[in-house]
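Position 82 of the sequence shown, counting from 1, maps to 475 under my numbering, and the rest follow consecutively.
Every residue, glycine too, gets a C-beta built ideally from N, C-alpha and C.
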Amino acid sequence: MGKTKENSSQKLEKRREAKKMSMRRARQKIRNDPIRYAEEKAKDRERKRKSRPHIQDLSERNQRKVRKEWKERSKRYRQRKKAAKKDEEYKNNFLESITPPILEEPGPSVKEIKKKL
């Protein structure tokens, strides 16, 4: 008989769980040791710093490309912000239009109306 999919998928799931627990224990070990933790954090910062080059390190053409992307992102951000503000103003105006005004002087009370009748 051959392997069943259920059996192999269960084994795969067990392997994933074991790997997850192993990594969790390893990370916990590092977190418990302040010196190793500081080293790991420094390595992580260095890795992140290297992942994106500074703009002055790029060629002129790539600098223009990156700056163009920045402009487009900024433009989209400002448009979203402006649209959100406009929606908020619309909601406030709508609520003001359907809410009855607050009277400064109260109208006649029920007792006063009954006395007149």
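What are the uninterrupted segments assigned as alpha helix (DSSP H) that are 4 or more residues long and contained completely in the stretch 427-455, given in chain order? 427-444
For I423 and R417, believed in contact at Cβ under 8 Å, the rounded distance: Locating residue 417 in the sequence shown gives position 24, counting from the first residue. Locating residue 423 in the sequence shown gives position 30, counting from the first residue. Contact doesn't hold; Cβ gap of about 11 Å is too wide.
Per-residue DSSP class, three states only, for S339: Shown here, the chain extends from 394 to 510; a query on residue 339 therefore has no answer.
7 Å CB neighbourhood of R469 in its chain, flanking five on each side removed: On the sequence shown, position 76 is the one that residue 469 refers to. Correct list: empty, nothing qualifies.
With DSSP as the reference, label L510 as helix, strand or coil. For the purposes of this step, residue 510 is taken as residue 117 along the sequence shown, with counting starting at 1. L510: coil per DSSP, three-state reduction.
Three-state secondary structure (DSSP) of E481: One-based indexing of the sequence shown puts residue 481 at position 88. It is helical.
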